[in-house]
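The numbering used here applies: residue 33 is where the sequence shown begins, and numbers increase by one.
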Amino acid sequence: MAGFQINGVSKSYGGTNPTETLKQIDLTIEDGELLSILGPSGCGKSTLLDILAGLQRPTSGEVLFDGKKLEGPDKKRGVVFQDPSLYPWRTVFRNVELGLEIRGAAKAERREAVQRYLDMVGLRGFEHKYPHHLSGGMKQRAGLARALANRPDVLLMDEPFGAVDHLTRLQLQDDLLNIWEAERKTIVFVTHDVSEAVYLGDRVVLLSPRPGRIKSIFPVPHKRP
Ligand code: ADP
Ligand code: ADP
33 MAGFQINGVS KSYGGTNPTE TLKQIDLTIE DGELLSILGP SGCGKSTLLD
83 ILAGLQRPTS GEVLFDGKKL EGPDKKRGVV FQDPSLYPWR TVFRNVELGL
133 EIRGAAKAER REAVQRYLDM VGLRGFEHKY PHHLSGGMKQ RAGLARALAN
183 RPDVLLMDEP FGAVDHLTRL QLQDDLLNIW EAERKTIVFV THDVSEAVYL
233 GDRVVLLSPR PGRIKSIFPV PHKRP
């Protein structure tokens, strides 16, 4: 089970003159769901995703994950940002392996997981390349493989395809759908691109800005193969 229950979450930044970024967010995210969070720049999407990741705390309200109150970041919730921040001195293989290495996974387990997820994101054969040899789309694929290799229950994705060219972006969207079909992980996908939100999400949560509130939630009927 890997769902979220968001109860009355508000977030303000700043001390003496705080600005309210999120206001009274109530939302249930189901286990295995692919949910898009859509809204204009500055409406609080990243803040909400960071709160789900446990990287920021709400000013008020609470978030339950798997029925329990969120305490902080946790390997059950993998995060993918727009900038995949690969280590330039590590090969693709060694970048993807990193989380497993930190956890002390045995070499054979690491090798198997890295190969599996590099295959899944379409980077087979690029194991020994360094990040500067990769295109933007391929870097993003490596970042996704690194998140998947940690076997999180949930992927939290913050504009992950925002910095790649249009055709690559469309390809990455299809690849993400294939990964989701194969793995059935809960995915929360943040974007300001309407077609991306609708193309990917089974539900779209639309946020309106200043302060960020849920304006609407709508289901998207999909014909999935
Ligand atoms: P989005 O992801 O939708 O673009 P963000 O969550 O990044 O929105 O930001 C929403 C608002 O919160 C913005 O007005 C931004 O200036 C403010 N904000 C975000 N992070 C911080 C921070 N660390 N300190 C102060 N204000 C912040
Ligand atoms: P995508 O990220 O969707 O694969 P790209 O435009 O990034 O799209 O790359 C398209 C293809 O071009 C890649 O799948 C890969 O086969 C090849 N390619 C891109 N960059 C390199 C590179 N630096 N070295 C070798 N092949 C590359």
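Ideal Cβ placement from N, Cα and C applies to all residues, glycine included.
- For the set Glu159, Phe221 and Glu144, the Cα lying nearest the Cα of Arg122 is the one of Glu159.
- Shortest gap from the CB of Tyr149 to any heavy atom of ligand 1: 6 Å or more.
- Counting along the chain, no alpha helix (DSSP H) covers Arg156, and no H or E run does either.
- Within the same chain, and ignoring the five residues on either side of Gln56 in sequence, the residues whose Cβ sits closer than 7 Å to its Cβ are Gly40, Ser42 and Arg245.
- Between Glu65 and Thr200, the C-beta spacing is not below 7 Å.
- Between ligand 1 and the CB of Gly74, the shortest heavy atom gap is smaller than 6 Å.
- In the three-state scheme derived from DSSP, where H, G and I count as helix and E and B as strand, Arg245 is classed as strand.
- Nearest to Pro72 by C-alpha distance, out of Lys247, Val112 and Lys255, is Lys247.
- Nearest neighbour of Val222 by Cα position, chosen from Glu213, Leu239 and Pro105, turns out to be Leu239.
- Set against 6 Å, the gap from the CB of Lys77 to the closest heavy atom of ligand 1 is smaller.
- In the displayed model, Pro253 falls within coil according to three-state DSSP, outside both helix and strand.
- Under the rule that a run must span 3 or more residues, the beta strand (DSSP E) segments found entirely inside the stretch 93-129 read 109-112.
- A direct Cα-to-Cα measurement between Thr53 and Thr79 gives close to 8 Å.
- Counting other Cβ atoms within 10 Å of its Cβ, Asn182 reaches 16 or more and is therefore classed as buried.
- Under the Cβ criterion (8 Å, minimum of three pairs), the stretch 152-171 counts as touching the stretch 114-128.
- Looking at the backbone, the Cα of Arg142 and that of Lys108 are separated by about 17 Å.
- Remark: the shortest separation between the CB of Thr53 and any heavy atom of ligand 1 falls under 6 Å.
- At the C-beta level, Leu150 and Ala177 come within 7 Å of one another.
- For Arg216, there is no enclosing alpha helix (DSSP H), as DSSP marks it with neither H nor E.
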